[in-house]
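Each remark here refers to the structure printed beneath this line.
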Amino acid sequence: MRRLLVFVALISCLPLIAFQTPRAAPAAAPTIEHFLSPGYPTQVVSATKVDRIAWTAYERGARNVYTAAPPEFRPLKLTRFNDDDGLELSDLAISADGSTVVFVRGTQPNRAGWIANPTGDPAGAERTFWAAKTAGGAPWRLGEGTTPELSPNGRSVLYAKDGQIYRYEIGPRSAPAAAAAAAPGASASRAAAAPRASGNTTTPLIKAWGTNLAPRWSPDGTKIAFVSNRVDHSFVGVYDVRARTVTFLSPSVDHDTSPTWSPDSKRIAFIRRPGTPFAQQAHSGIGGLGNPNGPAFNPLAALSGQNGRGGRGGGGGGRNNRGDAAEPQVAARPGLTTAAFAGGYVMSFWVADAATGEGKEFWHDAKGDKDWVNINAIQWAGTDRVVFQAEPEEWVRMYSVRVSASDPEPTMLTPGDGAVEHTAISADGTLLFYTTNAGDIERRHLWKVPTAGGQAEQVTKGDTIETYPAVLASARQVAVLGGDATRPFGVGLVSATGGVAKYVYPSLADFPIDSEVVPQLVLTRADDGLEIHNQIFLPKDLQPGQKRPAIVFVHGGPVRQMLLGYHYMHFYHIAYAVNQWLASQGYIVMSINYRSGIGYGKSFRMAPNTAGRGNAEYQDVLAGGRYLQSRPDVDANRIGIWGLSYGGVLTSQALARNSDLFKAGVDLAGVHLWGSSLDPGNVSYESSTIAAIDTWKSPVLLIQGDDDRNVQFSQMTGLVQLLRAHGVHHELIVFPDDTHETLLHKRYLYAFNRLSEFMGRFLRGAAPRTTEAPPK
Numbered sequence: 000m001r002r003l004l005v006f007v008a009l010i011s012c013l014p015l016i017a018f019q020t021p022r023a024a025p026a027a028a029p030t031i032e033h034f035l036s037p038g039y040p041t042q043v044v045s046a047t048k049v050d051r052i053a054w055t056a057y058e059r060g061a062r063n064v065y066t067a068a069p070p071e072f073r074p075l076k077l078t079r080f081n082d083d084d085g086l087e088l089s090d091l092a093i094s095a096d097g098s099t100v101v102f103v104r105g106t107q108p109n110r111a112g113w114i115a116n117p118t119g120d121p122a123g124a125e126r127t128f129w130a131a132k133t134a135g136g137a138p139w140r141l142g143e144g145t146t147p148e149l150s151p152n153g154r155s156v157l158y159a160k161d162g163q164i165y166r167y168e169i170g171p172r173s174a175p176a177a178a179a180a181a182a183p184g185a186s187a188s189r190a191a192a193a194p195r196a197s198g199n200t201t202t203p204l205i206k207a208w209g210t211n212l213a214p215r216w217s218p219d220g221t222k223i224a225f226v227s228n229r230v231d232h233s234f235v236g237v238y239d240v241r242a243r244t245v246t247f248l249s250p251s252v253d254h255d256t257s258p259t260w261s262p263d264s265k266r267i268a269f270i271r272r273p274g275t276p277f278a279q280q281a282h283s284g285i286g287g288l289g290n291p292n293g294p295a296f297n298p299l300a301a302l303s304g305q306n307g308r309g310g311r312g313g314g315g316g317g318r319n320n321r322g323d324a325a326e327p328q329v330a331a332r333p334g335l336t337t338a339a340f341a342g343g344y345v346m347s348f349w350v351a352d353a354a355t356g357e358g359k360e361f362w363h364d365a366k367g368d369k370d371w372v373n374i375n376a377i378q379w380a381g382t383d384r385v386v387f388q389a390e391p392e393e394w395v396r397m398y399s400v401r402v403s404a405s406d407p408e409p410t411m412l413t414p415g416d417g418a419v420e421h422t423a424i425s426a427d428g429t430l431l432f433y434t435t436n437a438g439d440i441e442r443r444h445l446w447k448v449p450t451a452g453g454q455a456e457q458v459t460k461g462d463t464i465e466t467y468p469a470v471l472a473s474a475r476q477v478a479v480l481g482g483d484a485t486r487p488f489g490v491g492l493v494s495a496t497g498g499v500a501k502y503v504y505p506s507l508a509d510f511p512i513d514s515e516v517v518p519q520l521v522l523t524r525a526d527d528g529l530e531i532h533n534q535i536f537l538p539k540d541l542q543p544g545q546k547r548p549a550i551v552f553v554h555g556g557p558v559r560q561m562l563l564g565y566h567y568m569h570f571y572h573i574a575y576a577v578n579q580w581l582a583s584q585g586y587i588v589m590s591i592n593y594r595s596g597i598g599y600g601k602s603f604r605m606a607p608n609t610a611g612r613g614n615a616e617y618q619d620v621l622a623g624g625r626y627l628q629s630r631p632d633v634d635a636n637r638i639g640i641w642g643l644s645y646g647g648v649l650t651s652q653a654l655a656r657n658s659d660l661f662k663a664g665v666d667l668a669g670v671h672l673w674g675s676s677l678d679p680g681n682v683s684y685e686s687s688t689i690a691a692i693d694t695w696k697s698p699v700l701l702i703q704g705d706d707d708r709n710v711q712f713s714q715m716t717g718l719v720q721l722l723r724a725h726g727v728h729h730e731l732i733v734f735p736d737d738t739h740e741t742l743l744h745k746r747y748l749y750a751f752n753r754l755s756e757f758m759g760r761f762l763r764g765a766a767p768r769t770t771e772a773p774p775k
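Here numbering that gives the first Met the number 0 is used: position 553 in the sequence shown is 552, and no number is missing along the way.
Structure, rendered in C-alpha cells:
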C-alpha cells in the first residue's frame, strides 16, 4: 500500500508538458448508467401464418417479452419481470397462428449441472418454461426444462430430459392463478409462479432406448421427429401423436442427425454419417474392445504398438510436453481406424417417408472431400430443397440441393466477399433472407435470394447494421435487430423490397446520443505484415495540439468482430457503449480486431500459431498500441487496455510483455496459462501470460465471477498468486455465483465505474476515490 501511495503521489506531481488534461466535464456529463439505459433486444421471432413478431429484451437487468403486430407494430409487454435478478430469457418461440409464446427463464446448467444463482438465493435457482398469450394477460410457469419445442398450434411444448422426450400441455389458466401472477411483486420467479400446465409431465411422451433429443413437430402438428442416439450409431424416429407409434427412418449402423420436415408433413430429410469403427469404439470405451488402457488410451497408438504415447500435451497444439514437433500420426486403416460409405464419402443427405420409414440418399460429398464434410444441419425450404451453411472456400455461405434429384454440386446462394451469419426462410420456403458483411466488411446488412438459386438482392444499405432477420408470414416485411454507430440496437421492420428499418423498440428518450461519436476505421500492420482492422473513437472536445490518454479495447472470442456501430451480441453491445462512454470522458479509445476473429475470411480466422500455439495474435495488439503512440493527439505515456475473456488474455499479455507501453489494464475473466505445462521449453507455456511475469510492472484490475462457464476461475486464482509473489499492484473484484459475463446489471455498473476510476488513477493521475462494496 505504501508503494502504491508513493506511485500515485509521483504521478500527481509529474509535469504536464506533453499531456494536457481535457477540460473538466460538466456536472451533467452522462454516466455509464445513461449509456446502458436503453432496453436491448436479445432475440426476435415471427409467426408463420399471421404477421406477428415477439422478442425478448434486457432492460437494466430486468428481462421481459414483448410482441407487436401490424399496422403500427406498437410493442405490447407480455411479462412483468421487474427485478435485476440474473434470470436470463432464452429459447423464445411463437406458435404458427401467433397466439402463444413460450420461453425459458434461467441459465443453462454448468458442467456440474448447476444453474447460476448470482443473487445468492438460499433456495437456489431453476431453469423453467413459461408461456404467455400475445393478446395480453399474465404469463404462467409451465415447469422445469430446457430447449422447448412449441407445437404449431401453441397447445403443447416438447423437451428432452434424461434422454427421453416429455411434454407440457398449455391449457387455459384459472382466474386465481392469473390474478396471483399479475399481483404486485409477482416478478420474482417463485412469487409469480402460477400452477403448472395441465398434462402428465412425469411420464415421458416418447420413451425409447438411447439418448433421445431434438424433437421437431411436423408442420401439421400430427407427428414428432427426434434423434435417438445409440452411442455407436443413431436413428431418426417419428412419433405419430394420434396412433402413439414410433417409426425409425431407414435404420442402419450409421449416425443420423438433423431431421427437417417437408412442408406437407409427409417426408423428413436428415444427415447420415458412417457408424463408429472399432478403433474409435475402443477409444470411447464402448463395444467389444472396451477401454483397456483407461481414459488416456489411444487406439491408433495401440494398433501401431506405441502403447498410447500421446502426440499433444499442455495445450501446445501440434507439440508435445517437451515443446518438440508432434510425433508422426499413425496411418489410417480404412474400416478399422476410419469409416466411410462405399465409394469413400463420409457425409450424405437422406429423405424418408414419415409414415413408412422407407428412405433413400439424395446427395453425398465426394471421396476425400474437405469442402462439405463439416455440414452440421439442413433445413427444408420450399417443396424440393434443403438449405445449409458451409465454408468450402474463404467465406461462410449458404447452399441448397434438390431432394428429388442428385445434384453433383450444391447450389451456392450467397455471393460476395463476406460471411453469412444469421438467416431466415419465408413461410412458403421460396426466399432466404440473410445478414452478411459482403460489400461492407465492418457492418452487417440484410439480403435475400431464392432458395432454388438466383440473383441475390441487397435489402438494406448504408451506415446501419441489421442482424437476426425474422420474416413475417406475408413476406412483405422482415423484422431485424439493428442500429448504427450512435443508435443502440432495437427491433426494426424492413420492407422485403428494400429500404430503411423502422424501429419500434426501445425508446431512446433518456439516451445521451448527443454525447456519442462515430468511430473511424483504422488499418494497422503487425510485425509479420498482416493487416488488422480497428475502430478508433475520438473525443468530441479534442482540440488541435492536445494530447489525450488512450485506452485499447480487445474483444473476446476470439471468434468475434467489433463493428463500426453497436454490436448484436449482448456483452459487445455493452462494451461498445462503454467505449463511447470512455470517449465522452476524454479518452481516445481504440478497438482492435485481432487475427482469429470473424468477419475477414477463413484465412484470417484460422491464422497459424495463435493462442497456445505461439500467441501470434498478440502482435496485432502490440501494433495497435504502437499506432496510438505514434498519433500526435495521444500521450504515449498514458495508454491503457481492457477486455473480457480472450480480451482478458490479451490484456494480461500486454501488461506482462509490454509494461513500457501499456501502463494499466482491466482484465475481465482472462486465460493466463494455456494448457497445463509449466515447462519453460513448452510452446504453450511460452505463449502464456505467466511466461512473462518477470517483466509485468503495470497495475491491473482483475474481475471475474466464480461460476464462470467459459474460463475456469482457477485462471484468476493462479494469476493472483504470481502477482503477489512478484509485487505487482493488482486490485480484485470477485462476483460470487456469477458467470463469465455478469448476469446482474448492477454489477455491470459497479465494474465499469471501477474501470473508469482505475484508469483515471493510473492514466490521468486522478486521486483515488472511495468506492462502495461490490453489489451482491
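Each residue gets a CB set at the ideal place from its N, CA and C atoms; glycine is no exception.
Review point. Over what stretch of residues does the beta strand (DSSP E) that includes PHE552 continue unbroken?
Key: Residue numbering aside, residue 552 sits at position 553 when the sequence shown is read from its first letter. Where PHE552 is concerned, the enclosing beta strand (DSSP E) starts and stops at 547-553.
Taking Cβ positions, are PRO70 and ALA56 nearer each other than 8 Å?
Sequence index remark: in the sequence shown, residue 70 carries index 71 (1-based). Sequence index remark: in the sequence shown, residue 56 carries index 57 (1-based). Not closer than 8 Å, so no.
* Asked: What separation, rounded to the nearest whole angstrom, lies between the Cα atoms of ARG195 and TRP139?
  -> Taking the sequence shown and counting its residues from 1, one reaches residue 195 at position 196. Taking the sequence shown and counting its residues from 1, one reaches residue 139 at position 140. Residue placement at ARG195 cannot be trusted, given a pLDDT of 40 that sits under 50; what the coordinates show is reported in the next sentence. Their backbone Cα atoms lie some 8 Å apart in a straight line.
Option nearest THR496 by Cα separation, candidates LYS460, ASN109 and VAL503: Position 497 of the sequence shown, counted from the first residue, corresponds to residue 496. Ranking LYS460, ASN109 and VAL503 by Cα distance to THR496 puts LYS460 first.
When burial is assigned at 16 or more other CB atoms within 10 Å of the CB, is GLY623 buried or exposed? To locate residue 623, count along the sequence shown from 1; it is residue 624. In the assembly as shown, GLY623 is a buried residue. Its beta-carbon has 16 or more other beta-carbons within 10 Å.
- Query: Can you give, in chain order, each stretch of the beta strand (DSSP E) that sits fully within the region 455-526 and has at least 3 residues?
  - Reply: Note on the region 455-526: whole beta strand (DSSP E) runs with a minimum of 3 residues are 464-470, 476-482, 489-494, 501-504 and 519-524, in chain order.
Quiz item: Is VAL727 helix, strand or coil by DSSP?
Solution: Indexing the sequence shown from 1 puts residue 727 at position 728. When secondary structure is reduced to three states using DSSP, VAL727 falls in the coil class, being assigned neither helix nor strand.
Close Cβ partners of PRO175 (< 6 Å) along its chain, the five nearest in sequence each way excluded: Locating residue 175 in the sequence shown gives position 176, where the first residue counts as 1. Residue confidence is low: PRO175 scores 37 on pLDDT, short of 50, so the model does not pin down where it sits. Its coordinate-derived value is still stated next. So no residue of the chain qualifies.
_Any non-hydrogen atom of the ligand MN closer than 7 Å to ALA478 Cβ_ = Of the ligands one can find in the structure shown there are none, so the ligand MN has no counterpart to examine.
Exercise. Where do the ends of the alpha helix (DSSP H) carrying ARG604 lie?
Worked result: On the sequence shown, residue 604 is found 605 positions in, with the first residue counted as 1. For ARG604, the uninterrupted alpha helix (DSSP H) segment begins and ends at 601-604.
(Q) Once the 5 residues before and after GLN238 are set aside, which same chain residues still bring their CB inside 6 Å of it? (A) What you label residue 238 is simply residue 239 of the sequence shown in a count that begins at 1. In the sequence under discussion, the amino acid at residue 238 is Tyr, which differs from the Gln named in the question. So the list reads ILE205, ILE223 and VAL245, once near-sequence residues are dropped.
- Item | Helix, strand or coil at LYS745 according to DSSP, with G and I counted as helix | As a working mapping, residue 745 is identified with position 746 in the sequence shown. When secondary structure is reduced to three states using DSSP, LYS745 falls in the helix class.
Meets three-Cβ-pair contact criterion under 8 Å: the region 145-158 and the region 113-123 = Touching, no, given that fewer than three Cβ pairs across the two stretches are closer than 8 Å.
Exercise for review: Return helix, strand or coil for GLU685, following the three-state DSSP convention.
Suggested key: Along the sequence shown, one-based indexing puts residue 685 at 686. Helix at GLU685.
- Backbone secondary structure at ALA81 - three-state DSSP: What you label residue 81 is simply residue 82 of the sequence shown in a count that begins at 1. Strictly speaking, residue 81 in this sequence is Asn, with Ala absent from that position. Three-state result, ASN81: coil.
Query raised in the report: If you draw a straight line from the C-alpha of PRO538 to the C-alpha of GLU515, how long is it?
Result: Position 539 of the sequence shown holds residue 538. Position 516 of the sequence shown holds residue 515. When the Cα atoms are used, PRO538 and GLU515 turn out to be separated by approximately 9 Å.
- Since I believe ILE550 is in contact with TRP641 (beta carbons under 8 Å), could you give me their beta-carbon distance rounded to a whole number of angstroms? Taking the sequence shown and counting its residues from 1, the one referred to as residue 641 is at position 642. Taking the sequence shown and counting its residues from 1, the one referred to as residue 550 is at position 551. Separation of the CB atoms of TRP641 and ILE550 is rounded to 7 Å, and the pair is thereby assigned contact status at 8 Å.
Given a threshold of 16 other Cβ atoms within 10 Å of its Cβ, counted over all protein chains shown, does LEU492 qualify as buried or as exposed? To locate residue 492, count along the sequence shown from 1; it is residue 493. Buried, because 16 or more other Cβ atoms sit within 10 Å of the Cβ of LEU492.
Query - Beta-bridge partners of THR738, as assigned by DSSP - result: In the sequence shown, residue 738 corresponds to position 739, counting from 1. Per DSSP, none; premise fails for THR738.
Straight-line Cα distance separating MET561 from HIS254: In the sequence shown, counting from the first residue as 1, residue 254 sits at position 255. In the sequence shown, counting from the first residue as 1, residue 561 sits at position 562. MET561 has its alpha-carbon roughly 38 Å from the corresponding atom of HIS254.
Under 8 Å between the Cβ atoms of THR435 and PRO449? Start at 1 with the first residue of the sequence shown, and residue 435 comes out as number 436. Start at 1 with the first residue of the sequence shown, and residue 449 comes out as number 450. No; because the gap between Cβ atoms is not below 8 Å, this pair is not in contact.
Taking ARG59 and ASP83 to be in contact with their CB atoms under 8 Å, please state how far apart those CB atoms are, rounded to whole angstroms. Position 60 of the sequence shown, counted from the first residue, corresponds to residue 59. Position 84 of the sequence shown, counted from the first residue, corresponds to residue 83. The beta carbons of ARG59 and ASP83 sit about 7 Å from each other, so the pair counts as a contact at 8 Å.
For a quick check, are the C-beta atoms of TRP695 and SER683 less than 8 Å apart? In the sequence shown, residue 695 corresponds to position 696, counting from 1. In the sequence shown, residue 683 corresponds to position 684, counting from 1. At least 8 Å separates the beta-carbon of TRP695 from that of SER683.
Can you look up GLN584 in the DSSP assignment and give me helix, strand or coil? On the sequence shown, position 585 is the one that residue 584 refers to. Correct three-state label for GLN584: coil.
* Hey, would you say ILE638 sits closer than 8 Å to TYR747, going by beta carbons? -> Sequence index remark: in the sequence shown, residue 638 carries index 639 (1-based). Sequence index remark: in the sequence shown, residue 747 carries index 748 (1-based). Cβ atoms of ILE638 and TYR747: not closer than 8 Å.
(Q) Just list the residues that DSSP pairs MET589 with in beta bridges. (A) Along the sequence shown, read from residue 1 onward, the residue named residue 589 stands at position 590. Under the DSSP definition of a beta bridge, MET589 partners with ILE535 and VAL551.
Legend entry - At least three beta-carbon pairs within less than 8 Å, the region 712-726 to the region 749-768: Result no; under three Cβ-Cβ pairs closer than 8 Å.
Could you please give the first and the last residue of the uninterrupted alpha helix (DSSP H) stretch that includes VAL648?
-> For the purposes of this step, residue 648 is identified with residue 649 of the sequence shown, where counting begins at 1. Run containing VAL648: 645-656, per the alpha helix (DSSP H) assignment.
Pull up the CB-CB distance for GLN618 and LEU660, whole angstroms please, since I reckon it's below 8 Å. As a working note, residue 618 is residue 619 in the sequence shown. As a working note, residue 660 is residue 661 in the sequence shown. About 13 Å; that fails the 8 Å criterion.
GLY704, enclosing beta strand (DSSP E) - first and last residue
Residue numbering aside, residue 704 sits at position 705 when the sequence shown is read from its first letter. Under the DSSP assignment, GLY704 falls in the beta strand (DSSP E) whose first and last residues are 699-704.
query = Among residues of its own chain, excluding the 5 on either side of TYR65, which ones have a beta-carbon nearer than 7 Å to its beta-carbon?
reply = Against the sequence shown, residue 65 aligns to sequence position 66. Cβ neighbours of TYR65 beyond the five flanking positions: ALA53, TRP54, ALA56, PRO74, LEU75, LYS76, LEU77 and TYR504.
Helix or strand or just coil, what does DSSP make of ILE573?
-> Position 574 of the sequence shown holds residue 573. DSSP places ILE573 in helix when its eight states are reduced to three.
Going by other Cβ atoms of all chains shown within 10 Å of its Cβ, with 16 needed for buried, is GLN454 buried or exposed?
-> Here the question's residue 454 lines up with position 455 in the sequence shown. Within 10 angstroms of the beta-carbon of GLN454 lie fewer than 16 other beta-carbons, which makes it exposed.
Margin query: For GLN280 and ASN373, what's the separation of their Cα atoms in angstroms?
Written below: Indexing the sequence shown from 1 puts residue 280 at position 281. Indexing the sequence shown from 1 puts residue 373 at position 374. Rounded to whole angstroms, the separation of the alpha carbons of ASN373 and GLN280 is 21 Å.
**Prompt:** DSSP state of HIS282, grouped into three classes?
**Reply:** The count along the sequence shown starts at 1 and reaches residue 282 at position 283. Of the three classes helix, strand and coil, the one that applies to HIS282 here is helix, per DSSP.
Since HIS671 contacts SER697 with CB under 8 Å, what's their CB separation in whole angstroms? Taking the sequence shown and counting its residues from 1, one reaches residue 671 at position 672. Taking the sequence shown and counting its residues from 1, one reaches residue 697 at position 698. Actually they are not in contact, since the Cβ atoms of HIS671 and SER697 sit about 15 Å apart, beyond 8 Å.
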